[in-house]
Structure formats: structure tokens, C-alpha cells
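> Please find one structure pasted underneath; my questions will follow.
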Amino acid sequence: MTERSTETVTIAAEEAGQRLDRVLAARIPALSRSRLKALILDGQVTIEARTILDPATRVNSGDAIMVNLPPPEAASPRGETIPLNIVYEDDALIVIDKPKGLVVHPAAGHATGTLVNALIAHCGDSLSGIGGIKRPGIVHRLDKDTTGLMVVAKNDRAHRALSKQFANKGEGPLKRGYLALVWGVPDRPRGTIDAPLDRNRHAREKRAVREGGRAAVTHWHLLERFRGPDGKPVASLLACTLETGRTHQIRVHLAHIGHPILGDATYGTGFKTKASRLGPQARAALEALGRQALHAYLLAIEHPDTDSGEVLEFRSELPGDLRRLRDALVAEGRD
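With the numbering used here applied, the sequence shown corresponds to residues 1 to 335, in that order.
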């Protein structure tokens, strides 16, 4: 939407007496209630040609309401031409397979070169304005050095629908699956980690399991066991699924149960000496990795623009650096 436009709504009898912002949110699903409230406060909504400035105004049956829609503001930050591996795209959303090293959103120390910069440039006018600004709607994130699948909304309606799915804590069709190469081998084939997360008291950029923190649940399943040159178990491949999406959740949870992710310099520092138990091929692959061995391989979502509950499912193979590490571990001894 590049030009000023209008939406007209006539109040039905059953809507009489309701708040203006609520009625408009129900009748104009492309705009969020917060966006509509901002338009009302900005004098962009009239009832029977009278400008209304109070979102709580009660409407009457037969009222003719006009909403003036200014063109979305230009995106900030600016778009940048950055190559993207696009798995799926339509008018509502875009799914990308994120490479390592790509920060999702501009922040201190990463003002440019982010996924948001890349999406603004790639999507262009197909971004219809989220909250009145032409920008992609980030509904979940991956750490800078975690690879794999991410979905991003391209308009307000998709942003609200996807955000609701991600907030449903394991209910509904949403699936998020990760592959993690970890130190050690769990003593059972599968398990659940239900441990609240909060900021680390001693390092605010880190997270820790803490009583009173935000609920966090991770399910894991043992896929492969690997032995070192001495024939003893040294590492394993786990598939993890999330009920919640807290910052660093899988990394903290796996470290909490004694199986930190290989290459995790933040949460696996106590396991650096474990590298000496690897064979030369696996040790070289781990040294070359330079990041945590974590990959978002599975993503399933209900499409936000369908009434039939259409579910889209995507899968991503291990990227080259993780595949080389896994193959080296297999070559040196798999149970």
C-alpha cells in the first residue's frame, strides 16, 4: 500500500454499544487493534463525518465509519542486499533457512547486516505495513550462530496470527524441531526438561535455570550415539522440540542436564577439555565449527490467511559444517 486509502464500515445492529476500536479490529482484520487505536488518536477515523478521538467511543447501529489509512512509513532500518535462502514466500509470510553468523534484528553492535535489513530489501512493496511501518514481523528468533528455519510475517494480520501460534505453548499445529550435537550420551532414549529460565545473576547477556523464572519446556529424543577413540561414549545427536521459545532455551536446558552443545562457548565452557577425547578428524571439525552445533531443522505452522487450517511444514538438512562434524563422529565410532 503506497497511497492513502480508506476503509468504510457500517455498524450492524448486533454491534451497537461496542467500543469503536474493538468493532474496527473485528471488521478490518488486516489491521491490529493497536494500529487502529493509533489511527483513532491521530484523528484518522470519522463517524458520520465527525472526527472521533476516543477509541472507547460506543458505536450505534447504522453508523457509517470511515478509517483513513495513511501510507506506511518507510522502513527503519534500511534495506540491504544480503543473499537469503528462501524456502517459501507468499503475500503473507516468508520462510528462510538462516545461515550461521546472521543476526536477526538490529541491536547494539549489529546496526546493519541483519536479517531484518535483508528482508526489507528483498520484500520491498510486498511489506504492507506492520504497525504502520513497512517492516517484516519477527515472531521468533534464532541465535546469531544457530542455523535453520525461520518464518517472518509480511503484514499485520499474518503477524498477529503467527504470534498467537508461537504463544500457544505446545498447543495447535505449530512445530519447532532442532538437531543438536551434544557432549555425552543421555541415559535414556527420550526426556523432557521442564525448568524455568531467567537472566543469569552474574552475566546479564546469559540465561540460567532459576526458580521464579519464565516457564520453559524442551522435549528431547536421542538419535545417535558416538564413541571416542577409546571406545567410550563421548557425544550424541539429539532431536529437540520446544513448547516455549525462551532466549537460549535449548542451549541452557541441555547444559542444565549435563549435555551442553558441542562448540557452545557460552554454556559449554566446562567441557572444553572434552575435545581431547575426540579423534583427530572430529576434533578438527569441531575446531573449524566456531559455533554451537545447533540447527532448526523442522518448522510447521498454520497459514495465517486460510480458513481451512492449512498447515505448512518445512524441513532443512544439516548445513555443511554440522554435517562434517557429524560425519567425523560417525567415522570414529557410532553405536
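Where a beta carbon is used, it is the ideal one built from N, C-alpha and C, also for glycine. Because the structure is a prediction, the values reported are computed rather than measured.
Can you tell me which of Ser236, Gly184 and Arg323 puts its alpha carbon nearest to the alpha carbon of Thr273?
Residue Gly184 is the option with its Cα nearest to Thr273.
> Can you have a look at Pro280 and say buried or exposed, based on whether 16 or more other CB atoms are within 10 angstroms of its CB?
Exposed.
> Among Leu298, Glu313, Ala158 and Tyr267, which has the Cα closest to the Cα of Ala239?
Closest option to Ala239, Cα to Cα, is Leu298.
> Once you ignore the five residues that flank Ala30 on each side, which residues in its own chain have a CB closer than 7 angstroms to its CB?
Counting only Cβ-Cβ distances below 7 angstroms, and skipping sequence neighbours, we find Asn155, Asp156 and Arg157.
> Enumerate in chain order the residues of its own chain whose CB-to-CB distance from Asp102 is below 6 angstroms, with the five nearest sequence positions on each side excluded.
The question names Asp, but residue 102 in the sequence shown is Leu. Here the set comprises Leu115.
> According to the neighbour-count rule (16 or more other Cβ atoms, all chains shown, within 10 Å of its Cβ), is Thr146 buried or exposed?
So Thr146 counts as buried.
> How many Å lie between Met1 and Arg246 at the Cα?
Reliability fails at Met1, whose pLDDT of 39 lies under 50, so the model's placement of it is uncertain and the value that follows must be treated cautiously. Cα to Cα, Met1 sits roughly 34 angstroms from Arg246.
> So Val151 and Val95 are in contact, right, with Cβ under 8 angstroms, and what is the actual spacing, rounded?
The pair is a contact, with the Cβ atoms about 5 angstroms apart (cut-off 8 angstroms).
> Could you tell me which of Leu53, Leu294 and Thr51 sits nearest to Thr241, measuring between CA atoms?
Considering only alpha carbons, the answer is Leu294.
> Suppose the cutoff is 6 angstroms on Cβ atoms and the five residues either side in sequence are ignored; what does the same chain contact list for Leu69 look like?
Correct list, in chain order: Ser5.
> Can you tell which of Leu262, Ser316 and Val45 has its C-alpha closest to the C-alpha of Val182?
Residue Leu262 is the option with its Cα nearest to Val182.
> Determine the DSSP secondary structure at Ile52, reduced to helix, strand or coil.
Reduced to three states, the DSSP call for Ile52 is coil.
> Using C-beta distances below 7 angstroms, list every residue in its chain close to Lys341, excluding the 5 sequence neighbours before and after it, in chain order.
In the structure as shown, the chain starts at 1 and stops at 335, and residue 341 therefore has no counterpart that could be examined.
> Would you tell me roughly how many angstroms separate the C-alpha atoms of Leu393 and Pro229, rounded to the nearest one?
Because the chain in this structure spans residues 1 to 335, residue 393 falls outside the shown range and cannot be described.
> For Asp97, is the classification buried or exposed, using 16 other Cβ atoms within 10 angstroms of its Cβ as the cut-off for buried?
Buried, since its Cβ has 16 or more Cβ neighbours within 10 Å.
> Per DSSP, which one or two residues make a beta bridge with Arg221?
Looking at the sequence shown, residue 221 is not Arg but His. Per DSSP, Arg190 and Ala239.
> Roughly how far, in whole angstroms, is the beta-carbon of Arg315 from the beta-carbon of Glu224, given that I think they are within contact range, below 8 angstroms?
So it is not a contact: roughly 18 angstroms between Cβ atoms.
> When DSSP builds the beta bridges, which residues end up paired with Leu336?
This structure leaves residue 336 out entirely; the chain is present only between 1 and 335.
> Mapping the DSSP letters down to three states, classify Arg160 as helix, strand or coil.
In the structure shown, Arg160 sits in a helix (DSSP, three-state: H, G or I).
> Which of the three DSSP states, helix, strand or coil, is assigned to Ser5?
Note: Ser5 maps to strand in three-state DSSP.
> Roughly how many angstroms separate the alpha carbons of Pro106 and Thr112, rounded to a whole number?
In a straight line, the C-alpha of Pro106 is about 6 angstroms away from that of Thr112.
> Please work out which residues of its chain come closer than 7 angstroms, Cβ to Cβ, to Phe166, disregarding the five sequence neighbours upstream and downstream, and give them in chain order.
Cβ neighbours of Phe166 beyond the five flanking positions: Val139, His140, Leu174 and Gly245.
> Go to Val152, then tell me how far its beta strand (DSSP E) extends in each direction, as first and last residue.
That run of the beta strand (DSSP E) goes Thr147 to Ala153.
> Taking 8 angstroms as the limit between beta carbons, can you name the residues of its chain near Val87, skipping five residues before and five after?
Only Val95, Ile96, Asp97, Leu149, Phe314 and Ser316 meet the Cβ criterion.
> Hey, would you say Gly268 sits closer than 8 angstroms to Ala284, going by beta carbons?
Contact flag unset, no.
> Keeping to the same chain, check which residues put their C-beta closer than 7 angstroms to that of Glu48; ignore five residues upstream and five downstream.
Here the set comprises Asp63 and Ala64.
> Take Ala118 as the anchor and find which of His159, Thr10, Ser126 and Arg78 has the nearest alpha-carbon.
Nearest option by C-alpha distance: Arg78.
> For Gly309 and Glu243, what's the separation of their Cα atoms in angstroms?
Each residue's Cα considered, the two are about 20 angstroms apart.
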